[in-house]
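Residue numbers (full-length UniProt numbering): 1 to 554.
C-beta atoms are modelled at their ideal positions from N, C-alpha and C, and glycine is treated no differently.
Note that the coordinates shown come from a computational prediction; the quantities given were computed from them, not determined experimentally.
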Amino acid sequence: MVPERTISEAPQPVSQNTHPIKHDASALMPPPQVRASAGTVGREIELKLHVAPSDLARLARHPALVGLQQGTAASTRLYTVYFDTPDLRLASFGVALRVRRQGVQYIQTVKTLGGGNSGDAAAVAVRREWDWPIAGEDPDISLLTLDGIRDLVPQDALPEIRPLFTTDFQRTTLVLRPDPLTAIEVALDTGEIRAGTTYRPISEIELELKAGPVTALFDLARELQRIVPMRISADNKALAGFALVTGRMPEPAKASPLGLTPAATVADGFRHIVRNCMSHVLANEACVLAGGNDEGIHQMRVALRRLRSAFGLFDDIIASGDVKALKDEVRWLMDRLGPARDWDILHHRFFQPYAEKHGHDDAIRRLGQAISSSRRSAHARASEALYSPRYTTLMLALGSWLESGRWQEDADRDVLETAAKPLQEMAGAWLGERHRKFRKAGRQIRKIDGEQRHRLRISFKKLRYGVEFFRGVYAAGSVRPYLEKVEALQESLGDLNDADVSNQLLKALVDDASKDVRTAAKGLCQWLERHARRRVNGLPDQWAEFEKAKPFWE
1 MVPERTISEA
11 PQPVSQNTHP
21 IKHDASALMP
31 PPQVRASAGT
41 VGREIELKLH
51 VAPSDLARLA
61 RHPALVGLQQ
71 GTAASTRLYT
81 VYFDTPDLRL
91 ASFGVALRVR
101 RQGVQYIQTV
111 KTLGGGNSGD
121 AAAVAVRREW
131 DWPIAGEDPD
141 ISLLTLDGIR
151 DLVPQDALPE
161 IRPLFTTDFQ
171 RTTLVLRPDP
181 LTAIEVALDT
191 GEIRAGTTYR
201 PISEIELELK
211 AGPVTALFDL
221 ARELQRIVPM
231 RISADNKALA
241 GFALVTGRMP
251 EPAKASPLGL
261 TPAATVADGF
271 RHIVRNCMSH
281 VLANEACVLA
291 GGNDEGIHQM
301 RVALRRLRSA
311 FGLFDDIIAS
321 GDVKALKDEV
331 RWLMDRLGPA
341 RDWDILHHRF
351 FQPYAEKHGH
361 DDAIRRLGQA
371 ISSSRRSAHA
381 RASEALYSPR
391 YTTLMLALGS
401 WLESGRWQED
411 ADRDVLETAA
421 KPLQEMAGAW
431 LGERHRKFRK
441 AGRQIRKIDG
451 EQRHRLRISF
461 KKLRYGVEFF
471 RGVYAAGSVR
481 PYLEKVEALQ
491 ESLGDLNDAD
501 VSNQLLKALV
511 DDASKDVRTA
521 AKGLCQWLER
531 HARRRVNGLP
541 DQWAEFEKAK
551 PFWE
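Put into structure tokens, the structure is as follows:
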């Protein structure tokens, strides 16, 4: 942890006041020869990793880095102030404004906060930034009104801009040349982010691609991961600072829109979808590790199921011996996260409503304590998996495999021709086949047993993911009516499965419990069975609605 420092020990903030920056203060305006009409515009492609401070020092001296190093390493102290309105209007528009002191120079930067779109490499942030040298420590507000910037920044918020938080860290920078065509700038940062009296340590490594393919970032990170443990970071210093300002815990994240268009090929679709699934996993990691919001682990499992569905859906164009090992590792991670999600469902969806309805007598209270204890243990095991090198290795290996094109390393001519076809053609054939199979299976939905419903649920879930994957290649609005019918039926089938799993957990949990706790658990099991029967009775009507759904791909 970074020790507390006195004001005399730390560089002075660029502005200690919390008043808005004035537009008409001539002292804030850099002289004409310093100002740039549009600034320096850049596109930053980087992979960021969290590393323990002691391991960060080891990396800087490790032969694996020194052997690839071009030139000498440079070390500098960077002190930065981030500005926004009190209600974070700039952040809500997806941009950050900062002034960084580098030696005797001040650099003002506007930077996009997002990690890019689904067409960019997963785990790798692709951000735009605009830099200007300025004369002093306060930002030049007039630069935010320039063409190319004014549309990014809410102009009515400019009078309220003020300093919110600072970063203060030591950065060691070196350039690595893994091969003659590739250059990666490695920045080792250690210090802190501070907002008022709260702060968060900085101990991370940034790999920024200066030249070469994106896969080089993953390959270098995999080499570094073999030296010291690390975790991929899905956020950045600006987002971490805003979290300090608001005091918000990490929140769960649903999958971002895919952005596929009718012009996409089958290969484009696979790359975009896998990147999107990886981003979905990483976006929920902090929420799972922080605890307190069970939706994070749910969304991470959804992301992994989507990823597995993508592997199956695009199986015809995947020609790689590595895919089995990757699938096995994804399965491992799902298995580690699954029990936590199962106990969450039992506790929140079933036990709590049951306890409220039937009274909190002593047996029910002790049953709840036993369920909560099992939940905590399952969440601890899930966090342990995410902190493990195995998880980071999986994500880096998957990114490298995808971005290098190794997923088609053994492809023959027929496979390559299929990959080059329009995605819409492949999507229509796949959706049509699945739709016909489900209509046939569903006609017996009232008669099928629990195991058959379970298989139908899994198949239906794959259909839903396929519809969501492909919706961008069809006319806007045409997909929603069909998807709503699919979602409704999948929700019922999923709820039946949840009730069955919860029933099994309860029976195993109270096997050695006292008689009154076993009686309380039996009452809950009976309540679950009644709940399941109501769901089963509603399935035929839901299926009839699904059969009316118009296939949007025809």
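Checklist line | CA-to-CA distance, residue 163 to residue 140, given in whole angstroms | finding: Cα-Cα distance, rounded: 13 Å.
Next item on the list: Please list, in chain order, all residues of the same chain as residue 153 whose beta carbon is under 8 Å from its beta carbon, the five residues on each side excluded.
Entry: Excluding residues within five positions, the ones whose Cβ falls inside 8 Å are 90, 93, 95, 97, 110, 144.
Margin query: Here's the rule: buried if 16 or more other CB atoms are within 10 angstroms of the residue's CB, otherwise exposed. What is residue 210?
Written below: Exposed: under 16 other Cβ atoms inside 10 Å.
Check: Apart from the five residues just before and just after residue 102, which ones in its own chain have a Cβ nearer than 8 Å to its Cβ?
Finding: Excluding sequence neighbours, residue 102 sits near 76, 78.
Next item on the list: Please state whether DSSP places residue 536 in a helix, a strand or coil.
Entry: The answer is helix: DSSP assigns residue 536 an H, G or I state.
Notebook entry, point to check: Which residue's Cα is closest to the Cα of residue 466: 273, 137, 318?
Noted result: Nearest C-alpha to residue 466: 273.
Check: So residue 317 packs on residue 266, CB below 8 Å; how close in whole Å?
Finding: With 8 Å as the limit, residue 317 and residue 266 qualify as a contact, their Cβ atoms being about 6 Å apart.
Notebook entry, point to check: DSSP puts residue 211 in a beta bridge; with which residues?
Noted result: The partner list for residue 211 (beta bridge, DSSP) reads 183.
Item checked: Span separating the alpha-carbon of residue 526 from that of residue 412 -> Approximately 56 Å between the Cα atoms of the pair.
Notebook entry, point to check: Apart from the five residues just before and just after residue 419, which ones in its own chain have a Cβ nearer than 6 Å to its Cβ?
Noted result: Sequence-distant Cβ neighbours of residue 419 in its own chain, meaning closer than 6 Å and more than five residues away, are 266, 267, 317.
Checklist line | Under the three-state DSSP convention, the category residue 443 falls into | finding: In the structure shown, the three-state DSSP call for residue 443 is coil.
Note to self: Strictly by DSSP, which residues pair up with residue 76?
What the structure shows: Residue 76 has 171 as its beta-bridge partners, per DSSP.
Next item on the list: Output the residue ranges of the alpha helix (DSSP H) runs that lie fully inside the stretch 291–379 and measure 4 residues or longer, sorted by chain position.
Entry: Listed in chain order, they are 295–313, 323–344, 352–358.
Check: residue 350 and residue 489 look like a contact to me (Cβ under 8 Å); what is the Cβ gap, rounded to whole Å?
Finding: Not really, about 21 Å apart at Cβ, beyond 8 Å.
Notebook entry, point to check: To the nearest angstrom, how far is it from the Cα of residue 358 to the Cα of residue 514?
Noted result: Those two C-alpha atoms are separated by around 19 Å.
Next item on the list: Using three-state DSSP, classify residue 479 as helix, strand or coil.
Entry: Three-state DSSP puts residue 479 in coil, outside helix and strand.
Next item on the list: Could you check the C-alpha separation between residue 537 and residue 546 for me, to the nearest Å?
Entry: About 16 Å.
Check: So what does DSSP say about residue 552, is it helix, strand or coil?
Finding: Residue 552 carries a coil assignment under DSSP once its states are collapsed to helix, strand and coil.
Note to self: Across the stretch 240–259 and the stretch 436–451, are there enough close Cβ pairs to call them in contact, namely three or more that are closer than 8 Å?
What the structure shows: Cβ pair count under 8 Å is below three, so no.
Notebook entry, point to check: Which word fits residue 189, buried or exposed, when buried means at least 16 other C-beta atoms lie within 10 angstroms of its C-beta?
Noted result: The residue is buried, with at least 16 neighbouring Cβ atoms inside 10 Å.
Check: If you follow the beta strand (DSSP E) that residue 98 is part of, which residue opens it and which one closes it?
Finding: 95–102 is the extent of the beta strand (DSSP E) around residue 98.
Check: Which full runs of the alpha helix (DSSP H) of 4+ residues lie inside the stretch 443–519, going along the chain?
Finding: Listed in chain order, the alpha helix (DSSP H) runs fully inside the stretch 443–519 are 450–470, 480–509, counting runs of at least 4 residues.
Item checked: Sub-8 Å separation of residue 486 and residue 469 beta-carbons -> No. Outside cutoff.
Notebook entry, point to check: To the nearest angstrom, how far is it from the Cα of residue 285 to the Cα of residue 477?
Noted result: Approximately 32 Å, taken between the alpha carbons.
Notebook entry, point to check: Roughly how far, in whole angstroms, is the beta-carbon of residue 535 from the beta-carbon of residue 495, given that I think they are within contact range, below 8 Å?
Noted result: Taking a contact as a CB-CB distance under 8 Å, the pair residue 535 and residue 495 counts as one, their CB atoms being some 6 Å apart.
Check: Out of curiosity, what's the CA-to-CA distance linking residue 375 and residue 506?
Finding: Inter-residue distance for residue 375 and residue 506 is about 12 Å (C-alpha atoms, whole angstroms).
Notebook entry, point to check: The alpha helix (DSSP H) with residue 245 in it runs from where to where?
Noted result: For residue 245, the enclosing alpha helix (DSSP H) covers residues 237–246.
Margin query: Is it buried or exposed, residue 499, if we count other Cβ atoms within 10 angstroms and call 16 or more buried?
Written below: It is buried - the Cβ of residue 499 has at least 16 other Cβ atoms within 10 Å.
Next item on the list: Decide if residue 84 is buried, meaning its Cβ has at least 16 other Cβ atoms within 10 Å, or exposed.
Entry: Burial call: buried.
Note to self: For residue 124 and residue 47, which I take to be in contact (beta-carbon distance under 8 Å), what is that distance rounded to the nearest angstrom?
What the structure shows: Cβ atoms of residue 124 and residue 47 come within 8 Å of each other, at about 5 Å.
Note to self: As a quick exercise: from 151, 539, 366, 322, pick the residue whose alpha carbon is nearest that of residue 443.
What the structure shows: Of the candidates 151, 539, 366, 322, 539 places its Cα closest to the Cα of residue 443.
Notebook entry, point to check: Hey, how far is the Cα of residue 346 from the Cα of residue 360?
Noted result: C-alpha separation (whole angstroms): 17 Å.
Check: Rounded to the nearest angstrom, how far is the Cβ of residue 400 from that of residue 222, given a contact under 8 Å?
Finding: Right, the Cβ-Cβ distance comes to about 6 Å (below 8 Å), so this counts as a contact.
Next item on the list: Determine, using beta carbons only, whether residue 475 and residue 367 come nearer to each other than 8 Å.
Entry: The Cβ atoms of residue 475 and residue 367 lie no closer than 8 Å to each other.
Check: If you check the beta carbons only, do residue 70 and residue 171 fall under 8 Å apart?
Finding: Contact: no.
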